[in-house]
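Read through the structure below, which is laid out as structure tokens, and then see the notes.
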Amino acid sequence: MLLGADLKKHPQTVRAAYADPEGITSRFNLNLLQRINRELQADFQLDQFLHEAIYHPMSGAAESFLVSLQEQTVHIQGQAIHFQAFEAIHTEISQKYSLEGLEKLALGSGFQPKAHFLDQKAYFSLNLWAHAKSGGE
Numbered sequence: 096m097l098l099g100a101d102l103k104k105h106p107q108t109v110r111a112a113y114a115d116p117e118g119i120t121s122r123f124n125l126n127l128l129q130r131i132n133r134e135l136q137a138d139f140q141l142d143q144f145l146h147e148a149i150y151h152p153m154s155g156a157a158e159s160f161l162v163s164l165q166e167q168t169v170h171i172q173g174q175a176i177h178f179q180a181f182e183a184i185h186t187e188i189s190q191k192y193s194l195e196g197l198e199k200l201a202l203g204s205g206f207q208p209k210a211h212f213l214d215q216k217a218y219f220s221l222n223l224w225a226h227a228k229s230g231g232e
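In our numbering, the protein residues as written are 96 to 232.
See below:
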């Protein structure tokens, strides 16, 4: 199996990717509400939600939220959903790994790590794993 994994890196680097000044990640997350509006006949007011990103360097979890900027009620297929001011919708967890953590994940999942290949900055790893029962050949 070939597994691509985002690696742990300096917290400022990760935060900059998820709270980018161009607003790409914000638009990506707000698109979830646009799709719910379109596909489930909802009435989210996108300008009443703010994208917020948090990175936890110890666990490697980058999390995204859409935060309600005011108390409001949204309807999805006729069902009312109430939001308090500053209540958040948890939209994403993007996990970052250490090479050691990836090795443990492989072994704990019935695979044997065979090789890993890093990009120039060691931000991303391609990991070659073999199924442990097959002998990895």
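Yeah, the Cβ is synthetic: ideal placement off N, Cα and C, and Gly gets one too. Source: prediction; values computed, not measured.
Residues sharing a beta bridge with residue i, DSSP
| i | result |
| --- | --- |
| leucine 127 | Answer by DSSP bridge pairing: none, since leucine 127 is not bridged. |
| leucine 213 | Ser220 |
| alanine 139 | Alanine is not the amino acid found at residue 139; the sequence shown has phenylalanine there. BP columns for phenylalanine 139 are empty, so no partner. |
| proline 208 | Trp224 |
Span separating the alpha-carbon of residue i from that of residue j
| i | j | result |
| --- | --- | --- |
| leucine 141 | arginine 122 | 10 Å |
| leucine 125 | histidine 177 | 18 Å |
| arginine 133 | glutamate 187 | 20 Å |
| glycine 118 | glycine 196 | 31 Å |
| lysine 78 | glutamine 165 | Outside the displayed range of the chain (96 to 232) lies residue 78, so it cannot be described from this structure. |
| leucine 97 | threonine 168 | 45 Å |
| glutamine 136 | alanine 180 | 23 Å |
| valine 162 | isoleucine 184 | 6 Å |
Among the options, nearest to residue i - alpha-carbon criterion
| i | options | result |
| --- | --- | --- |
| serine 204 | Ala175, Lys228, Leu221, His185 | Lys228 |
| aspartate 101 | Leu223, His226, Gln174, Asp214 | Asp214 |
| glutamine 107 | Gln207, Ala137, Phe144, Ala157 | Ala157 |
| tyrosine 150 | Ala111, Leu197, Lys216, His226 | Ala111 |
| serine 189 | Phe160, Asn132, Ala180 | Phe160 |
| glycine 244 | Ala201, Phe219, Ala175, Tyr192 | Residue numbering for the chain in the displayed model covers 96 to 232; residue 244 lies beyond these limits and cannot be assessed. |
| methionine 153 | Gln129, Thr168, His105, Gln136 | His105 |
| lysine 199 | His185, Leu128, Trp224 | Trp224 |
| tyrosine 182 | Gln143, Ala137, Lys103 | Residue identity differs from the one stated: residue 182 is glutamate in this sequence, not tyrosine. For the residues Gln143, Ala137, Lys103, the minimum Cα distance to glutamate 182 belongs to Gln143. |
| proline 116 | Gln167, Gln129, His146 | His146 |
| proline 208 | Leu194, Lys216, Tyr218, Ala217 | Leu194 |
Range of the contiguous beta strand (DSSP E) that encloses residue i
| i | result |
| --- | --- |
| glutamate 150 | Strictly speaking, residue 150 in this sequence is tyrosine, with glutamate absent from that position. Tyrosine 150 -> beta strand (DSSP E) spans 144 to 151. |
| alanine 111 | Note, alanine 111: premise wrong, no beta strand (DSSP E); alpha helix (DSSP H) at 106 to 113. |
| glycine 223 | The sequence given here places leucine at residue 223; glycine does not occur at that position. Leucine 223 -> beta strand (DSSP E) spans 219 to 226. |
| glycine 99 | 97 to 101 |
Start-to-end residues for the alpha helix (DSSP H) that takes in residue i
| i | result |
| --- | --- |
| alanine 201 | 194 to 203 |
Quiz prompt | Whole runs of the beta strand (DSSP E) within the region 159 to 188, excluding any shorter than 3 residues | solution = 167 to 171, 174 to 178
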